[in-house]
Amino acid sequence: MTDTPNLDEAQFRPIDDARLHQPDRKTHPPRILMLYGSLRAVSYSRLLTEEAARILRRYGAEVRIFDPHGLPLADAELASHPKVQELRDLSLWSEAQVWCSPERHGAMSGLMKTQIDWLPLSLGAQRPTQGRTLALMQVCGGSQSFNTVNQMRILGRWMRMVTIPNQSSVPKAFMEFDEHGRMKPSAYYNRVVDVMEELMKFTLLVRDRADYLVERYSERVESAEELSKRVNQRSI
28 MTDTPNLDEA QFRPIDDARL HQPDRKTHPP RILMLYGSLR AVSYSRLLTE
78 EAARILRRYG AEVRIFDPHG LPLADAELAS HPKVQELRDL SLWSEAQVWC
128 SPERHGAMSG LMKTQIDWLP LSLGAQRPTQ GRTLALMQVC GGSQSFNTVN
178 QMRILGRWMR MVTIPNQSSV PKAFMEFDEH GRMKPSAYYN RVVDVMEELM
228 KFTLLVRDRA DYLVERYSER VESAEELSKR VNQRSI
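For the sequence shown, this note's numbering gives the first residue as 28, with consecutive numbering after it.
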């Protein structure tokens, strides 16, 4: 049974095997934006982010870490605020992102949520997060928890990002870094390497196909209807 009278046949398209399996290959280093969620002088989410950045650079990525100092609360300032523009420009530049937050009161930090809240689903015809790959990490002051990465996973899906399966949660983070701010060898460090390796693989697979993977039937229909209204309007 293939009777589908509600389909717009002009916008319903078979899967394009060439675009899916033989896309034009990008050759520049994967561009990865990293966000962390604490302003403390000794911020373990920042230290974990910096450690992960070193690993990503070893894999050949171009990495930029956003410094959230000075970023206003969402909607407390206009979007033209310099820190908001910096964050949005970095998101548009990126092909992948890493979000790392401390767990505070069983949830991500307010600073982490503020950064994500300043990233809209669309900026005109541009989408700052759609189709980008995403890796998630958290640090805990006590025993291991996954509340924060699970929350951020929901946000990643909402932001139309391809969130990789693996994730990192570092318990008692104050014990996992030395006096120079470097992460000590451990199973937790190995998991961070795992996550960055997986992020690189997914990014290299997805970035060449991102536009096609997130192309939507419903948006094609909507765009066609809007075009028809413009073309057929009787007056301007």
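The C-beta atom is built at its ideal place from N, Cα and C for all residues, glycine as well.
Checklist entry - Excluding sequence positions up to five away, which residues of its chain have a Cβ less than 8 Å from the Cβ of residue 239? => result Start at 1 with the first residue of the sequence shown, and residue 239 comes out as number 212. The answer, listed in chain order, is 43, 46, 47 and 50.
Checklist entry - In the DSSP assignment, what residue or residues form a beta bridge with residue 82? => result Residue mapping note: residue 82 aligns to position 55 of the sequence shown, counting from 1. In DSSP, residue 82 forms no bridge with anything.
Checklist entry - Touching or not, the stretch 213 to 222 and the stretch 133 to 144, by the rule of three or more beta carbon pairs under 8 Å? => result no
Next on the checklist: Residues in the same chain with beta-carbon distance under 6 Å from residue 74, minus the five sequence neighbours each way, listed in chain order, please.
Outcome noted: What you label residue 74 is simply residue 47 of the sequence shown in a count that begins at 1. The answer, listed in chain order, is 204 and 208.
Item to check | Residues that DSSP places opposite residue 126 in a beta bridge | outcome: In the sequence shown, residue 126 corresponds to position 99, counting from 1. Answer by DSSP bridge pairing, in chain order: 62 and 163.
Checklist entry - Would you call the stretch 187 to 205 and the stretch 56 to 65 touching, i.e. three or more CB-CB distances under 8 Å? => result no
Item to check | Extent of the continuous alpha helix (DSSP H) to which residue 118 belongs | outcome: As a first step, residue 118 must be located in the sequence shown, where it is residue number 91. Start and end: 109 to 120.
Next on the checklist: Distance check for residue 150 and residue 241, CA to CA, integer angstroms please.
Outcome noted: In the sequence shown, the residue the question calls residue 241 occupies position 214. In the sequence shown, the residue the question calls residue 150 occupies position 123. Approximately 16 Å, taken between the alpha carbons.
Checklist entry - When you compare only the Cα positions, how much space is there between residue 170 and residue 141? => result As a position in the sequence shown, residue 170 is number 143, starting the count at 1. As a position in the sequence shown, residue 141 is number 114, starting the count at 1. Near 25 Å, if we compare the C-alpha coordinates of residue 141 and residue 170.
Next on the checklist: Between the alpha carbons of residue 211 and residue 119, how many angstroms are there, rounded?
Outcome noted: Residue numbering aside, residue 211 sits at position 184 when the sequence shown is read from its first letter. Residue numbering aside, residue 119 sits at position 92 when the sequence shown is read from its first letter. Those two C-alpha atoms are separated by around 33 Å.
Item to check | residue 107 versus residue 214: straight-line alpha-carbon distance, rounded | outcome: Sequence index remark: in the sequence shown, residue 107 carries index 80 (1-based). Sequence index remark: in the sequence shown, residue 214 carries index 187 (1-based). Approximately 43 Å between the Cα atoms of the pair.
Checklist entry - Nearest CA to the CA of residue 174: which residue from 223, 194, 228 and 104? => result Position 147 of the sequence shown holds residue 174. Here the closest residue by C-alpha is 194.
Checklist entry - Checking contacts by CB at 8 Å: is residue 70 closer than that to chain C? => result This model lacks chain C altogether, as it is built from one protein chain only.
Checklist entry - For residue 34, which option in 235, 189 and 247 has the closest C-alpha, if you only look at C-alpha atoms? => result Numbered from its first residue, the sequence shown carries residue 34 at position 7. When only C-alpha atoms are compared, the closest one is 247.
Checklist entry - Just reading off the alpha helix (DSSP H) that residue 241 is part of, what are its end residues? => result Taking the sequence shown and counting its residues from 1, the one referred to as residue 241 is at position 214. Segment: none, residue 241 is in no alpha helix (DSSP H) and carries neither H nor E.
Checklist entry - Which whole-angstrom value is the C-beta distance of residue 189 and residue 233, which I expect to be below 8 Å? => result Numbered from 1 along the sequence shown, position 162 holds the residue referred to as residue 189. Numbered from 1 along the sequence shown, position 206 holds the residue referred to as residue 233. So it is a contact: roughly 5 Å between Cβ atoms.
Next on the checklist: Mapping the DSSP letters down to three states, classify residue 229 as helix, strand or coil.
Outcome noted: Your numbering for residue 229 matches position 202 in the sequence shown. Residue state, collapsed to three classes: helix.
Next on the checklist: From the DSSP secondary-structure annotation, give me the bridge partner or partners of residue 89.
Outcome noted: Position 62 of the sequence shown, counted from the first residue, corresponds to residue 89. Note: residue 89 sits in a beta bridge opposite 58.
Checklist entry - For residue 189, which three-state DSSP category applies? => result For this step, residue 189 is matched to residue 162 along the sequence shown. Strand.
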